[in-house]
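As structure tokens, the structure follows; a few thoughts come after it.
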Amino acid sequence: MDVQEISLEHMRTALDEACRGVLSGDGGPFGAVVVKDGKVIATGHNMVVVTNDPTMHAEVTAIRNCCKKLGTFDLSGCVLYTSCYPCPMCMGACLWARFDAIYYAASAEQAAAIGFDDKAFYDFLKNPVSDDLRKLEHVEVDDYLMPFQMWSNKPDKTTY
Ligand SMILES: [Zn+2]
Numbered sequence: 078m079d080v081q082e083i084s085l086e087h088m089r090t091a092l093d094e095a096c097r098g099v100l101s102g103d104g105g106p107f108g109a110v111v112v113k114d115g116k117v118i119a120t121g122h123n124m125v126v127v128t129n130d131p132t133m134h135a136e137v138t139a140i141r142n143c144c145k146k147l148g149t150f151d152l153s154g155c156v157l158y159t160s161c162y163p164c165p166m167c168m169g170a171c172l173w174a175r176f177d178a179i180y181y182a183a184s185a186e187q188a189a190a191i192g193f194d195d196k197a198f199y200d201f202l203k204n205p206v207s208d209d210l211r212k213l214e215h216v217e218v219d220d221y222l223m224p225f226q227m228w229s230n231k232p233d234k235t236t237y
């Protein structure tokens, strides 16, 4: 894999996007930029508050903007610059997007220091079982593997 060199300019763009988000009141202080072949394809900042959507983190917003722009769900060949180490949801989104690289500035600990749950969620995921805050349980129901069987047997499926 031939990963593009780290660009401080692109990280600065991600930080500017984060600051823009704070000033707008859209959500938390996070920004992200998707870059391909050295060019910024899409940007995004946290929009949880303005959209009433807990998934509208900077990385997710940038991924959605980029996929819409490029007309694909596969962002291999792209790299992500994000103002903060991705939370577990965004890290998952980055994996699904197939980025070649993820570059971050602030750490999860630094986000925790200003009140964000990234570190607590990472701690939960080290051993994700029911705890005082939430239940996590397997539910047995008839034919629960039916969707998987349908998928396996579908000749014209789009794999990803
Ligand atoms: Zn996130």
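Add 77 to a position in the sequence shown, counting from 1, and you land on the number used in our numbering. For each residue, glycine too, the CB sits at the ideal point set by N, CA and C. Here the structure is a predicted model, which means the values were calculated and not measured.
Look at the segment 133-183 and you find these whole runs of beta strand (DSSP E), each 3 residues long or longer: 155-161 and 178-183. In this structure residue 152 is in contact with residue 144, their Cβ atoms being roughly 7 Å apart against a cut-off of 8 Å. An exposed status is given to residue 232, since fewer than 16 other beta-carbon atoms sit within 10 Å of its beta-carbon. For residue 87, the uninterrupted alpha helix (DSSP H) run begins and ends at 85-101, by DSSP.
Residue pairing for residue 113: DSSP places it in a beta bridge opposite 116 and 155. Short of 6 Å from the beta carbon of residue 123, and not among the five residues preceding or following it, lie these beta carbons of its own chain, in chain order: 98, 104, 105, 107, 134 and 135. Beta-bridge pairing by DSSP links residue 192 to no other residue.
DSSP places residue 227 inside the alpha helix (DSSP H), whose first and last residues are 223-230.
Bridge partners of residue 121 according to DSSP: 109.
With distances taken between CA atoms, residue 96 lies nearest to 121 out of 121, 85 and 116. Put simply, the segment 156-175 touches the segment 81-93. At least three CB pairs are less than 8 Å apart. A buried status is given to residue 176, since no fewer than 16 other beta-carbon atoms sit within 10 Å of its beta-carbon. Only buried fits residue 138, as 16 or more other CB atoms lie within 10 angstroms of its CB. Exclusion of residue 227 from the 7 Å shell around ligand 1 follows from its C-beta lying no nearer than that to any non-hydrogen atom of the ligand.
Listed by position along the chain, the residues with Cβ atoms less than 6 Å from a non-hydrogen atom of ligand 1 are 134, 136, 163, 164, 166 and 167.
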